[in-house]
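Single-structure report; data block below.
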Amino acid sequence: MDTQQELPGRLARDLDGAFEALVRDHERLVFGLALRVVGNPADAEEVAQDTFERAYNALAGYPAERVAAMRLRPWLAQIALNLARNRLRRRPPPTRPLEDGDGGLPMLAAPTASDPAEVAERAQERDFWAELLACLPRGYREAVVLRHVEGLPYAEVAEVLDRPVGTVKTHVHRGVRLLRVELEARKERMQR
Amino acid sequence: MNRSDRDDDRWEVARELVQGLQGLRADPPANLRPAALERVGLADAFLTVDGPAGPLLVAYNGRGISATAPAADQAAFLERFQARFRRPLRPADRAPQRLVAQVERFLEPGRRGAPPRFDLRGVSAFERVVLAKAQEIPRGEVRPYAWVAGELGRPAAVRAVGAALGRNPIPVLIPCHRVVGSDGRLTGYAWGVPYKRTLLAAEGADPAELELLGRRGTRFLGSDTTRIYCYPTCHNARRITAPHQVRFRGAGEAGRAGYRPCLDCRPPSAAR
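Chains A and B are the protein sequences, given in the same order. For the numbering used here, add 322 to where a residue sits in the first sequence, where the first one is 1. For the numbering used here, add 1184 to where a residue sits in the second sequence, where the first one is 1.
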């Protein structure tokens, strides 16, 4: 991303002039991450708004050299993640997290084949994956979302979660394995 | 099923899994970006509230209310706003109920709600103190431009005060309409003198009475019992009953008659 390279410099020179570009370049990441943590679009939008407000106020207070040297993507992701976790703490979602290793994920309803609308089908499929993901323990889920939904490199995932890269890789792999096991089990059940 | 088939299946499932997860990347709502910019004061939204002289457009951002205009004037408002502030302005998609309630409570006659927060970026230091002074004038009362200048310790800056009030970005909510000519005439108002008249009448000042007094040369009203003189709209002046009311053409005349200025409305003293 070109703008990723030059944006910190532009923000350092002219925060107000460059801030819209910061929002444009990161709104998808910030909103998407919040959505996967808090679970509903309305709360996710609130979290995203709070994230950008906090980022603006922080940038306005930092010296220009510091702003120019910032890695914006992991920084914003970290703010969004913290705010989303706080919101979740105030209002926990109705999901049942699983422990690592034991059992499978809850059985999910198979998509009904009779549904004709492709749009509805795709939405249903997204719901399916979202539900699957929501059942992971939080530590794994956040790592999997950052790596595989938002596509961040491991180094940045580690920065966001404030953990060593090795630990983060382990969490992603364990999370994916849990999901895979459940997916296989589900497929077998459907084939029977 | 042999081992390598199972591995192939595993790989297939893993690939499906990763693709499924990638499909979860969500598009942010269209409203997110403009709303984020509004929060930090880089863009504004506007809504309509019931004003004392008709519906009022109120522009705001996360820093406070930034501008007002008569609702009949929407196109011109958008244009003027862009020209002055160079920020995007759009209709609010969901009116923030707290803000609407606060503004309407503030404007409600008789009640004294706390003023809403104002965003006065782009307003000079001098303009700010002039607007702050105008905010000290109670509802239903008026003061001359010269009073504002005198209160600010710059009695010669009467024209500058007029210009600063004329640039008030938030008329009605910042009551520049409560500043009038020394002779009681409602000189000058960005939205037209009839609007100013309606506003003052809605607040309980009597503009016609005020102009009449002014034409007759009356500047102050005194009470022969307290021997205090006031601006005619001062709440203390309104309590003077007709038999005890004394009219003065100036502070000098009041001073010579042995009257002192009211401490609430603070007319000039004879010594000045």
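Even glycine gets a Cβ: it sits at the ideal position worked out from N, Cα and C. Here the structure is a predicted model, which means the values were calculated and not measured.
Neighbour flag for residue 422 (chain A) against chain B, beta carbons, 8 Å: The residue you call residue 422 (chain A) lines up with position 100 of the first sequence. Note that residue 422 (chain A) has pLDDT 44, beneath the 50 cutoff, so the model's placement of it is unreliable and no number is given.
Option in B:1361, B:1321 and B:1273 with minimal Cα separation from residue 1250 (chain B): The count along the second sequence starts at 1 and reaches residue 1250 (chain B) at position 66. If we check each option's Cα against that of residue 1250 (chain B), B:1273 comes out closest.
Alpha-carbon to alpha-carbon, residue 1230 (chain B) and residue 1278 (chain B): Position 94 of the second sequence, counted from the first residue, corresponds to residue 1278 (chain B). Position 46 of the second sequence, counted from the first residue, corresponds to residue 1230 (chain B). Going from the Cα of residue 1278 (chain B) to the Cα of residue 1230 (chain B) covers about 10 Å.
Tell me which same chain residues have a C-beta within less than 8 Å of the C-beta of residue 1476 (chain B), skipping the five on either side of it? Any question about residue 1476 (chain B) goes unanswered here, given that chain B covers just 1185 to 1456.
Using a Cβ-Cβ cut-off of 8 Å, state whether residue 1212 (chain B) counts as contacting chain C. The structure shown contains no chain C; the protein chains it does contain are A and B.
What residues in the region 1221-1245 of chain B have a beta carbon less than 7 Å from any beta carbon of chain A? Residues of the region 1221-1245 of chain B with a Cβ closer than 7 Å to any Cβ of chain A, in chain order: 1221, 1223, 1224 and 1226.
Should residue 1428 (chain B) go down as buried or exposed, given a rule of 16 or more other Cβ atoms within 10 Å for buried? Start at 1 with the first residue of the second sequence, and residue 1428 (chain B) comes out as number 244. Per the 10 Å Cβ criterion, exposed.
Check distances from the C-beta atoms of the region 393-409 of chain A to those of chain B and list, in chain order, the residues that come in under 8 Å. Of all residues in the region 393-409 of chain A, none has a Cβ within less than 8 Å of some Cβ in chain B.
Note down the Cα distance separating residue 473 (chain A) from residue 1322 (chain B), rounded to an integer number of angstroms. As a working mapping, residue 473 (chain A) is identified with position 151 in the first sequence. As a working mapping, residue 1322 (chain B) is identified with position 138 in the second sequence. Take the alpha-carbon of residue 473 (chain A) and the one of residue 1322 (chain B): they are about 60 Å apart.
What are the residues that DSSP puts in a beta bridge with residue 1414 (chain B)? Residue 1414 (chain B) sits at position 230 when you count from the first residue of the second sequence. When DSSP reads this structure, residue 1414 (chain B) sits in a beta bridge with B:1405.
CB contact check: residue 367 (chain A) to chain B, cutoff 8 Å: Locating residue 367 (chain A) in the first sequence gives position 45, counting from the first residue. True, the Cβ-Cβ gap to chain B drops below 8 Å.
Going along chain B in order, which residues have a C-beta closer than 8 Å to the C-beta of residue 496 (chain A)? Numbered from its first residue, the first sequence carries residue 496 (chain A) at position 174. Neighbours of residue 496 (chain A) across chain B, judged by C-beta separation under 8 Å, do not exist; the nearest C-beta is about 13 Å away.
In angstroms, rounded to a whole number, what distance separates the CA positions of residue 480 (chain A) and residue 497 (chain A)? The residue labelled residue 480 (chain A) in the question sits at position 158 within the first sequence. The residue labelled residue 497 (chain A) in the question sits at position 175 within the first sequence. Approximately 15 Å, taken between the alpha carbons.
Residue 375 (chain A) versus residue 1339 (chain B) - alpha carbon distance: Locating residue 375 (chain A) in the first sequence gives position 53, where the first residue counts as 1. Locating residue 1339 (chain B) in the second sequence gives position 155, where the first residue counts as 1. Distance between the alpha carbons of residue 375 (chain A) and residue 1339 (chain B): 43 Å.
Option in B:1237, B:1221 and B:1254 with minimal Cα separation from residue 377 (chain A): Here residue 377 (chain A) is taken as the residue at index 55 of the first sequence, counted from 1. Ranking the options by Cα distance to residue 377 (chain A), first place goes to B:1221.
Roughly how many whole angstroms lie between the Cα atoms of residue 1386 (chain B) and residue 1336 (chain B)? On the second sequence, position 202 is the one that residue 1386 (chain B) refers to. On the second sequence, position 152 is the one that residue 1336 (chain B) refers to. Residue 1386 (chain B) and residue 1336 (chain B) have their alpha carbons spaced roughly 28 Å apart.
Using a Cβ-Cβ cut-off of 7 Å (strictly less than) and excluding sequence neighbours within five positions of residue 1205 (chain B), which residues of its own chain qualify? Sequence index remark: in the second sequence, residue 1205 (chain B) carries index 21 (1-based). For residue 1205 (chain B), where only same-chain residues beyond five positions count, there are no Cβ hits under 7 Å.
Under 8 Å, Cβ to Cβ, is there at least one residue of chain A near residue 1429 (chain B)? The count along the second sequence starts at 1 and reaches residue 1429 (chain B) at position 245. Among the CB atoms of chain A, none fall inside 8 Å of the CB of residue 1429 (chain B).
Check each residue of the region 367-393 of chain A: if its Cβ is closer than 7 Å to any Cβ of chain B, include it; give the result in chain order. Answer set for the region 367-393 of chain A: 367, 370, 371, 374, 375 and 378.
Just to check my reading of the structure: residue 482 (chain A) and residue 400 (chain A) have Cβ atoms closer than 8 Å, yes? What is that Cβ distance to the nearest angstrom? Sequence index remark: in the first sequence, residue 482 (chain A) carries index 160 (1-based). Sequence index remark: in the first sequence, residue 400 (chain A) carries index 78 (1-based). The pair is a contact, with the Cβ atoms about 5 Å apart (cut-off 8 Å).
So what does DSSP say about residue 1321 (chain B), is it helix, strand or coil? Counting from 1 along the second sequence, the entry for residue 1321 (chain B) is found at position 137. Three-state result, residue 1321 (chain B): coil.
Could you tell me how far apart the beta carbons of residue 360 (chain A) and residue 406 (chain A) are, in whole angstroms, since I believe they sit closer than 8 Å? Indexing the first sequence from 1 puts residue 360 (chain A) at position 38. Indexing the first sequence from 1 puts residue 406 (chain A) at position 84. With 8 Å as the limit, residue 360 (chain A) and residue 406 (chain A) qualify as a contact, their Cβ atoms being about 5 Å apart.
Beta-carbon spacing of residue 1363 (chain B), residue 1318 (chain B) below 8 Å: Counting from one through the second sequence, the residue named residue 1363 (chain B) turns up at place 179. Counting from one through the second sequence, the residue named residue 1318 (chain B) turns up at place 134. Against a cut-off of 8 Å, the Cβ pair of residue 1318 (chain B) and residue 1363 (chain B) comes out as a contact.
Less than 8 Å between the CB atoms is what I'm expecting for residue 458 (chain A) and residue 501 (chain A), so what's the real figure, rounded? Here the question's residue 458 (chain A) lines up with position 136 in the first sequence. Here the question's residue 501 (chain A) lines up with position 179 in the first sequence. About 7 Å separates the CB atoms of residue 458 (chain A) and residue 501 (chain A); that is less than 8 Å, so the two are in contact.
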